[in-house]
Each structure stands twice: as structure tokens, then as C-alpha cells.
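Trainee: If you count by my numbering, then the sequence shown holds residues 377 to 845, one letter each, in order.
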Amino acid sequence: MSTAPQTLPAGNPAADRERTRLALVGTGSRAEMYVRAALGDHASSAELVAIADTNPGRAGYYLRLAAELAPGTEVLQFRPQDLTSFIRDNRIDRVIVTTPDYTHADYIVEALEAGADVVVEKPLTIDAEGCRRICEAIDRTGRDVVVTFNYRYSPRNSALKEIIQSGAIGTVTSIDFSWMLDTVHGADYFRRWHRRKENSGGLLIHKASHHFDLVNWWIDDVPERVYASGGLRFYGDRNAAARGLANRPERGTTDASAGDPFALDLRDDERLNALYYANEHHDGYQRDQDVFAPGITIEDNLALVVDYRTGPTLSYSLNAHSPWEGYRVAVNGTLGRAELEVVERAAVSGSTDKKNVVDPSATPVEEDDAVRTNGERLILQRHWEPAVEVPIVNGEGGHGGGDALLLADLFEGPGEDPLGRPSGYLDGLRAVAVGIAGNASLESSLPVRISELDLGADLTARKDGVRRG
């Protein structure tokens, strides 16, 4: 299929013109959620006009998927370098950006300048310069940027927000937050482009921006100062050599890696095989690199202390080589404490004939052991009272039904939400601000004030206006 810029013929039905006209840039794994939503549940309000990717093979994968989902509907393909002309020539209303993190600022700014609003996968961007460029473009154009934080919509996280917002634990004084990524999901960040900090900003930005957004949203506050410590202590060639793991295959998709629990053989997964392995010849990108190879520059163990504007302190830790996956958060207040514990995968299977799902939060798994069980528990305990368990009601689909709720807000427009889950660009900015300051602290070994980073906007503004639909 030609990748030259294309223009739709004139004379489209008026009904079509009322739908939000979408162009999607970036056809990795995360793009599928948006393609299915635009051509499925939200086809009456959204029109997927076209997709683009630097790898034409991956773009072709989604064109075929679109044909299967909506037979007879034409979805065009264009080149990412033609984004401006395509937006203007085809009356694009919104651009969905699901490209590697280091490219977000470029695509966001270009789309805004061309006259389209933007929906971008977290993180907003990876550094202070990118933040400034995006904020300046928003100010110049008056356009809208939405960073998709689907974790807000997860029922368990919403339930914790309800407790804090109700005043049941009083004024928040501190938060303890630990996130464990296991040796399947955690390892996956060290196989892909994320493994280099110039691509992803490290896990403090790519992964933890989700977590920092949760805290910012839970306590309705703004981070001010960050002190960080951490390093690469498990993955990478030096750590492998120290543990006697030498002479490893450079990638997982090889017979030489059979039985290696850290290897990902793309041939074992029909989707990964079709999306990545079959398209390597276009750009040479390998989705299955060895997690103990040279050249990894991101951290796998991280700890932060974050001070908030109204007084609370966050103590946060991230481990990317845990034997189980999940998180624990405790919010302390003047009247008591709320605790949420989530086990998404109790144990990683060591069986060579049983494949582990990469992300257990998106695809629930059954992998309990004799001690730890998959599940979630939310506990409220007020001073001088016994603890009570707060029920969590989950929905269908990824992240406990949270993805479906997010997509409804994005495509149909958010209704009144007492929890304030729909997010705008300031929310995305506040989330990456913690990671950007954390990276600066890792370099200097000193605390960093976010105000000194000059991110391009006042983070203390109450709420940015967001348009949907």
C-alpha cells in the first residue's frame, strides 16, 4: 500500500462530519486499544481516518485489523513525516500518539500547530525541554492535550480515592507506595527500546508516571521537591557477569534461548510474531533483546521521597525483578489509615512449557502459590476503631474494566465525575515532573525542587480545561 499523503474525497455524509476524525501515529502494542474502540464501541462518535508508523509492516498489521473489525471502512495509511499536511488536507480533529516516549513532544507540538487536538499515551514526554515545548504550543494554539491515565479508572484505585475524598482518614499526612514488577513484566522493559534512558526517561518516567499521577490524584495535591536514589542492580551485562551469567544469546527468538526464563521468543506469541518479528526487516528493531546485554542505561531499583505543596510526603519504591507482581499503598491521615494491596501475579511460572503473560494487570492471570494469592484488598482503619474491608467492584476488560471507562470518556466526552478521573495536560505534566526531578536527583545525589526545572506551566493551577469527543 502506498504511504504517500492521501486526501479523502469530498462529499462525505454530514453524519460522518459530526464524528471526531482521528489519525493515529504509532502502531505498537498499545495502539490496538484505540483502533478497536474507534472501529467498535465508539464508531458512532469517532472515525478512524488513518494510521501512520515509521515501520510500514506494523502499520499494515493494523490496517488488516481495521479491515477485519469494520469491513468496507477505508482506513488510510500515511507517513509520520507528513503529519502536518495530512491533518490539514483531511480535516483531522484529533491525533492519537502511541509512539516511543522520546518522540511524544515532537508529534504533540506538530499536531497542535497543524490544528488538531492530541491524545497521548503516558508519559506526556521525557524531559523538561519537551514539557516546555508542549506547554508553549498549547498556549499558542489553544488546542487540547489529553494524557491517558487508565489506572485512575481501575475500580480499586477509584475506591481508594473515594475513601480519601470522603474525609474518612482526615487530612493526609503521608503516603507509602511500593510497586513490584516481576521477572516477566519487569524484565520486558529491559528487552525493548525502553532500556535506554534517552528513549524512555527510565522507569521513573515511563512506568512510574502512572504511579505518581495516582498519588497526585488520590490526595489532590501538587509535588514540589524530589529526592531519588537507585541504580541498575539486577539486569545488564555487569550484573549478569557478577552472577556468572555469561555467553548469553543476544535475543530471545532463537533456539539457543530455549528454557531461559528471561528470554522472550516472539514466535511463541502469534500477535508479537506478526507485529514485530515479521516486520524486523523494515527497520531492524528487535523486540526480544537480552535483558543482560550491554548498553542498558535505565535503573531497575528506585526509591524516592516526594514533598507535596500542602504538606504530605510520599515514600515510593519500584523494583523491576520481583518474584511476584503487584503494589501496596498506605495513605496515612489525621483520623486513620487506608491500605490497598494488589497481587496481580503471585508467582512467575518456572515451567519451560508454560508461557507467562507479560502484563498481568492488562490480562489477568491465575498463578497462585501456597502463600500468596492473586487478588486485591482495601482496608480502612480509623483511630481507636477496628479495621474494616472496603468492597471493590470490578468490571469487564483490562485493568478491572478501567480501560473501557477511560475510552468512554475519551470518545464520548466525560460526564460529571465526582472523582475527577478525566485528565488534562497539567495532570500529565505533574506526573512526569516527579520523574524528571527524580532523574535530576539521581544525577546530582541532591534533592531537586520541581519549580527550578522550568517545565513551562504553573503546576499549582487547579484544573486545566479539557475538551472531549
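Backbone N, C-alpha and C fix where the C-beta goes; we use that ideal spot for every residue, glycine too.
Since Arg713 sits in a beta bridge, which residues does DSSP pair it with?
Mentor: DSSP lists Asn708 and Gln757 as partners of Arg713.
Trainee: Please report the residue range of the beta strand (DSSP E) in which His570 lies.
Mentor: Taken as a continuous stretch (DSSP letters only), His570 belongs to no beta strand (DSSP E), as it is neither H nor E.
Trainee: Could you name the residues of the same chain whose beta carbon sits closer than 8 Å to that of Tyr684, not counting the 5 residues immediately before and after it, in chain order?
Mentor: Cβ within range, chain order: Ile595, Asp597, Val598, Pro599, Glu600 and Leu690.
Trainee: Note down, in chain order, each residue of its chain lying with its Cβ closer than 8 Å to the Cβ of Ala622, except the 5 sequence neighbours on either side.
Mentor: Within the same chain, Ala622 has close Cβ partners Ala616.
Trainee: Could you give the C-beta distance for Leu488 and Arg519, rounded to a whole number, given that I count them as a contact under 8 Å?
Mentor: Confirmed, Cβ separation roughly 4 Å.
Trainee: For Ile545 versus Ala714, is the C-beta spacing smaller than 8 Å?
Mentor: The answer is yes: Cβ separation under 8 Å.
Trainee: Run the CB neighbour count on Ser821, radius 10 Å, all protein chains shown included, and call it buried at 16 or more, exposed below.
Mentor: With fewer than 16 other Cβ atoms within 10 Å, it is exposed.
Trainee: Cutting at 6 Å between CB atoms, please list the residues of its own chain near Glu717, excluding the five before and the five after it.
Mentor: Within the same chain, Glu717 has close Cβ partners Arg704 and Arg753.
Trainee: Run the CB neighbour count on Gln457, radius 10 Å, all protein chains shown included, and call it buried at 16 or more, exposed below.
Mentor: Exposed, because fewer than 16 other Cβ atoms sit within 10 Å of the Cβ of Gln457.
Trainee: For a quick check, are the C-beta atoms of Arg567 and Asp429 less than 8 Å apart?
Mentor: Result no, Cβ atoms of Arg567 and Asp429 do not sit closer than 8 Å.
Trainee: What number of angstroms, rounded off, separates the C-alpha of Asp729 from the C-alpha of Ser698?
Mentor: Legend: pLDDT at Asp729 = 48, less than 50; position of this residue unreliable, value from coordinates given subsequently. Whole-angstrom Cα-Cα distance: 21 Å.
Trainee: Could you check whether the region 661-677 touches the region 528-537, counting it as contact only if at least three pairs of C-beta atoms, one from each stretch, sit closer than 8 Å?
Mentor: No, the region 661-677 does not touch the region 528-537.
Trainee: Rounding to the nearest angstrom, what Cα-Cα distance links Gly841 and Ser799 in this structure?
Mentor: Caution applies to Gly841, whose pLDDT of 45 falls short of 50 and renders its modelled position unreliable; the value that the coordinates give is listed next. Gly841 and Ser799: Cα-Cα distance of roughly 9 Å.
Trainee: Tell me which residue opens and which closes the alpha helix (DSSP H) that Tyr437 is part of.
Mentor: Counting along the chain, the alpha helix (DSSP H) containing Tyr437 begins and ends at Pro432 to Leu445.
Trainee: Rounded C-beta distance between Ala722 and Thr749? I'm assuming under 8 Å.
Mentor: Contact flag correct, Cβ pair sits at about 6 Å.
Trainee: By alpha-carbon positions, which one of Ala746, Ala407 and Ala414 ends up nearest to Leu445?
Mentor: Out of Ala746, Ala407 and Ala414, Ala414 has the C-alpha closest to the C-alpha of Leu445.
Trainee: Is the distance from the Cβ of Arg508 to the Cβ of Gly832 below 8 Å?
Mentor: Contact flag set, yes.
Trainee: Pair every Cβ in the region 466-486 with every Cβ in the region 566-585, then say whether three or more of these pairs are closer than 8 Å.
Mentor: With the cut-off at 8 Å, the region 466-486 and the region 566-585 touch.
Trainee: Please report the straight-line C-alpha distance between Pro767 and Gln757, rounded to a whole angstrom.
Mentor: Straight-line Cα distance between these residues: approximately 14 Å.
Trainee: Can you tell me where the alpha helix (DSSP H) holding Gln541 begins and where it ends?
Mentor: Counting along the chain, the alpha helix (DSSP H) containing Gln541 begins and ends at Pro531 to Ser542.
Trainee: How close, in whole Å, do the beta carbons of Ile468 and Ile812 come, if the pair is a contact with beta carbons under 8 Å?
Mentor: Contact flag wrong, Cβ pair sits at about 30 Å.
Trainee: Rounded to whole angstroms, how far is the Cβ of Ser605 from the Cβ of Ala696, which I believe are closer than 8 Å?
Mentor: Between Ala696 and Ser605 the Cβ distance is about 15 Å, and since that is not below 8 Å, they are no contact.
Trainee: Please state the DSSP three-state secondary structure of Gly751.
Mentor: Correct three-state label for Gly751: strand.
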